[in-house]
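Residue numbers for the sequence shown follow numbering that gives the first Met the number 0, so the first one is 0 and each next one is one higher. Where is the CB? At the ideal position from N, CA and C, for every residue including glycine.
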Amino acid sequence: MMKQYLEIKELHTDAILFFRLGDFYEMFFEDAKVAAKELEIVLTSRDTDVPMCGVPHHAATNYIAKLVDKGYKVAICEQVEDPKTAKGIVKREVVQVITKGTILENSILDEASPNYLAALYDLDQVYGLAYIDITTGDFWATEFTDNNFMQNLNSELLRINPAECLIPKWSKFALEGLVLDYNKDLLITYIDEEYFSLDKARQVLIEQYGKIDIDGLGLGGYSAGLCAAATVISFLESTQNNFLQHLKIIKSYSINKYLEMDYASRKNLELTTTLRDNRKEGSLLSILDYCATSMGKRALRNWIEQPLTDIYNINLRLAAVEELKSNISLLNTIGSILKDVYDLERLAGKIGSNLIMPRDFIALKSSLQIVADISKHLSSCQSVLLKKIAQLDTLSDLYEIITKSIMEPAPMTIRDGYIFSDKYDKEIDELRKLSTQGSKWLLDFEKREKERLGIKNLKIGFNRVFGYYIELSKSNVHLAPPEYHRKQTLVNGERFICEELKNYEDRILGAREKLFNIEYEYYNLFKESVIPYIPRIQATAYLIATLDVLYSLAYAAYNNDYIRPELDNDLVINIKNGRHPIVEKYLVNSRFVPNDLFLDGINTNFAIITGPNMGGKSTYMRQTALLVLMAQMGSFIPAESARIGIVDKIFTRVGASDDLAAGQSTFMLEMVEVANILNNATENSLIILDEIGRGTSTYDGLSIAKAVSEYILTFINARTLFATHYHELTSMIDDFATVINLSVSVKETGDTVVFLKKVLPGQADKSYGIHVAKIAGLPNTVITRADEILVELESYEEPIKSDVILQPLLFDDGPDFIKELKELNVDEITPKEALSFLYKWKKEIS
């Protein structure tokens with residue numbers, strides 16, 4: 000047996016081998032040491048010097064999940080022949096290799112998120128990316144060819160968040176550096192070079208999909224994407240011995256078909272997780288997610304992460320949301336019905352990977368019955384999308400097949416038997432009858448023997464060692480008749496067998512074993528027979544998921560008082576009383592203060608926003624970006640009204656956090672992100688800039704902030720919101736006709752300052768930094784001293800006696816002599832008058 004183990008292990012040196020021995024999976028040698036440590040199970044060697052440990056096969060899923068989650072690869076080695084009929088060592092082979100990207104067990108996956116396996120390929124500086132969710136069969140491929148490939152590639156990786164990424168060994172250093180700089184926790188698996196040849200890639204796709212037209216897939220010009228896609232398939236074939244019948248046709252796409260967001264913007268806007276703790280709660284997804292199904296939750300995430308740029312398709316979504324929102328009765332009915340629909344996408348995946356259990360078929364049947372009801376309820380809808388969903392394939396033929404074939408309640412596993420309905424097969428019915436009669440015969444036999452021998456506590460039992468037995472207590476052993484043959488001695492009695500019991504046992508067990516074998520064979524045939532239904536199930540699942548997202552958005556709109564935005568191809572953003580969708584939901588004991596924004600893209604496209612910290616500038620800007628994104632994903636938005644010209648890209652430069660691991664300071668990180676914006680924004684973009692230049696000296700920062708603003712206004716003309724403490728920038732309104740000044744309002748009453756959170760035209764005259772410091776809890780002595788220093792700086796009185804060198808305020812006009820000097824015409828004064836001015840000014844500054 001150990002020789003067999005070593006031969007199999009030699010083929011899977013990079014994986015922990017789960018070696019099936021009876022009811023356990025055993026691990027040996029180094030695998031055992033690693034597994035014992037990671038799983039916190041006992042490491043033993045029994046009577047040999049070979050380290051070993053094991054886990055029960057019925058509990059293996061959780062142990063495997065722990066190892067895979069820690070980044071290990073697990074190879075499952077099963078007994079592939081019946082030990083009873085085996086000659087010599089039972090034949091074993093690896094039936095599946097499980098990695099983070101190839102998990103198929105729903106119980107260890109997040110039902111609301113896809114689980115992507117990705118692959119990257121570098122072909123002469125063209126980068127191919129392909130990724131698949133093996134549980135649903137969704138398969139995508141794209142390429143990055145422009146000068147900004149690194150930002151775009153990593154933005155896509157952040158969006159799809161793959162569980163595992165395949166990279167060729169020969170480009171390890173190039174690709175690994177590109178990816179890990181942005182995705183430090185990404186699990187990378189290195190693949191042999193031969194997987195990445197173009198000829199092999201084409202052959203792999205033909206073997207998977209048949210004689211397909213590569214150009215028809217949209218991959219004809221995507222050589223790098225083609226290689227990446229083929230690598231995914233090759234890897235799956237090498238790790239999954241199960242069928243891959245559910246893989247959908249690869250969808251090629253270009254990122255510019257969607258609203259683009261770079262890596263920083265996706266994080267800053269907290270679309271699906273928060274910046275603080277990387278949790279869903281507090282993200283835009285958490286606000287919009289009222290989905291009733293797992294499919295819908297995954298689809299909603301995708302809508303948020305890939306907003307559209309095509310007005311027609313956006314309006315299709317908005318019209319459907321509007322129709323559901325305006326019909327509360329229908330909305331509630333749809334929500335109530337959808338909650339009982341199982342995950343059709345992953346059920347189709349189970350069929351395609353040959354892992355579907357009888358109970359899964361009952362879940363599929365139950366869902367198909369509901370699908371038929373959904374079609375009826377949507378039959379009178381008028382919007383294009385809802386009409387299309389109403390005409391979905393109800394798969395009534397598959398429903399009938401399952402109803403006639405699979406018994407309810409279905410068994411948990413195949414080994415439990417009783418898979419098929421009565422009258423499905425005559426032989427199965429006869430064997431079941433014999434098995435059932437056998438149980439009745441045993442009860443009758445036990446009753447007869449009790450009466451015949453006068454032993455009330457006589458009982459019939461069964462164990463795997465010697466089958467059925469008759470058990471007598473020690474006090475009754477002497478009453479055993481001659482035909483009872485002693486089989487086992489116990490502390491409190493004896494176990495016997497007799498010829499009559501043994502003969503019937505053979506009939507019963509023979510019938511049960513034959514019944515199991517027949518049902519097992521028929522079940523495999525049944526699974527194969529439903530494989531052709533996979534594309535139809537997937538198509539219906541897609542429409543149900545779409546309906547669920549529309550329901551969720553309609554419910555969010557109804558529940559949160561959202562309105563339908565108007566979209567066009569102009570450069571306008573006109574939002575009346577807009578609200579931040581996340582902040583307003585988390586306010587306690589106060590109402591969110593709504594704000595307006597008007598940029599027509601022609602006369603006004605650049606808003607400089609000044610005002611105190613905590614005044615609401617950042618909230619206002621992020622709110623604008625989120626409302627644009629929500630509108631283009633097809634959602635209603637929190638506002639009184641809104642007209643939005645389609646945005647092709649959203650850029651946000653907000654927040655400040657050092658990336659020390661990458662050796663980047665706050666300022667360096669800020670400059671990298673600003674450079675990305677200036678190099679890639681277009682006039683159709685939306686740019687959000689918060690406090691550019693604050694990470695360096697005052698004059699450097701001001702210079703950079705102004706230069707960046709001038710560049711955007713001169714060369715890009717994108718709609719821009721620029722929050723700053725450099726009040727000098729507000730003078731740009733005199734130099735550029737499209738600049739407007741906005742400020743967050745403040746109410747002062749004595750020493751009390753109240754931030755009103757209202758954004759109004761005009762510029763702020765103070766920053767109120769000391770007041771913010773007081774709110775933050777700085778000691779009173781610090782606050783008092785800060786007030787004193789501020790007075791001194793503003794009045795230019797006694798020099799500040801401190802070892803700390805403070806920069807002068809840029810916003811102070813300075814002493815009076817500066818004004819006089821500016822206004823003085825030196826060509827019109829005499830030498831005596833000039834000398835008089837000098838004496839006067841010297842006296843003022845002494």
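Just curious, the alpha helix (DSSP H) that residue i is in, first and last residue?
| i | result |
| --- | --- |
| residue 169 | No alpha helix (DSSP H) contains residue 169, which DSSP labels as neither H nor E. |
| residue 149 | 148 to 159 |
| residue 52 | Counting along the chain, residue 52 falls outside any alpha helix (DSSP H), though it belongs to the beta strand (DSSP E) covering 51 to 55. |
| residue 224 | 222 to 238 |
| residue 436 | 425 to 452 |
| residue 402 | 395 to 404 |
| residue 63 | 59 to 68 |
| residue 614 | Counting along the chain, residue 614 falls outside any alpha helix (DSSP H), and DSSP gives it neither H nor E. |
| residue 709 | 697 to 710 |
Between which two residues does the beta strand (DSSP E) harbouring residue i extend?
| i | result |
| --- | --- |
| residue 415 | Run containing residue 415: none; DSSP gives neither H nor E here. |
| residue 118 | 115 to 122 |
| residue 255 | Taken as a continuous stretch (DSSP letters only), residue 255 belongs to no beta strand (DSSP E), as it is neither H nor E. |
| residue 202 | Here residue 202 belongs to no beta strand (DSSP E); instead the alpha helix (DSSP H) covers 197 to 208. |
| residue 110 | No beta strand (DSSP E) contains residue 110, which DSSP labels as neither H nor E. |
| residue 188 | 187 to 190 |
| residue 383 | First-last for residue 383: 383 to 389, but that is the alpha helix (DSSP H), not the beta strand (DSSP E). |
| residue 26 | 23 to 27 |
| residue 95 | 91 to 97 |
Could you tell me how far apart the beta carbons of residue i and residue j are, in whole angstroms, since I believe they sit closer than 8 Å?
| i | j | result |
| --- | --- | --- |
| residue 122 | residue 114 | Residue 122 to residue 114, Cβ: 27 Å. No contact. |
| residue 702 | residue 731 | About 13 Å; that fails the 8 Å criterion. |
| residue 790 | residue 619 | Not a contact, Cβ separation roughly 31 Å. |
| residue 742 | residue 763 | 4 Å |
| residue 134 | residue 345 | 5 Å |
| residue 292 | residue 282 | Actually they are not in contact, since the Cβ atoms of residue 292 and residue 282 sit about 20 Å apart, beyond 8 Å. |
| residue 652 | residue 676 | 6 Å |
| residue 728 | residue 705 | 6 Å |
| residue 16 | residue 26 | 7 Å |
| residue 769 | residue 786 | 6 Å |
Could you please give me the residues that DSSP links to residue i through a beta bridge?
| i | result |
| --- | --- |
| residue 141 | 128 |
| residue 748 | 751 |
| residue 740 | 607 |
| residue 467 | 461 |
| residue 484 | 496 |
| residue 722 | 608 and 689 |
| residue 15 | 73 |
| residue 260 | 649 |
| residue 602 | Paired residue(s): none; residue 602 is not in a bridge. |
| residue 20 | 23 |
| residue 758 | 743 |
| residue 250 | 139 |
| residue 636 | 562 |
Consult DSSP for residue i and reduce its assignment to one of helix, strand or coil.
| i | result |
| --- | --- |
| residue 6 | helix |
| residue 509 | helix |
| residue 355 | coil |
| residue 77 | strand |
| residue 41 | coil |
| residue 164 | strand |
| residue 47 | coil |
| residue 627 | helix |
| residue 667 | helix |
| residue 798 | For residue 798, the predicted model reports a pLDDT of 40, less than 50, meaning its position is unreliable; a value from the coordinates is still stated below. Here residue 798 sits in coil by DSSP. |
| residue 621 | helix |
| residue 651 | strand |
| residue 679 | helix |
| residue 641 | strand |
| residue 595 | strand |
| residue 586 | coil |
| residue 369 | helix |
| residue 811 | Below a pLDDT of 50, predicted positions are generally treated as unreliable, and residue 811, at 45, falls in that range; the measurement from the model is reported next regardless. Residue state, collapsed to three classes: coil. |
| residue 472 | strand |
Worksheet item: Which parts of the region 512 to 582 are runs of the beta strand (DSSP E), unbroken and 3 residues or longer, counting only runs that do not cross its ends?
Response: 565 to 567 and 572 to 577
Discussion item. Give the list of continuous alpha helix (DSSP H) stretches no shorter than 4 residues that lie fully inside the region 287 to 351.
Written reply: 293 to 304, 310 to 325, 327 to 337 and 343 to 351
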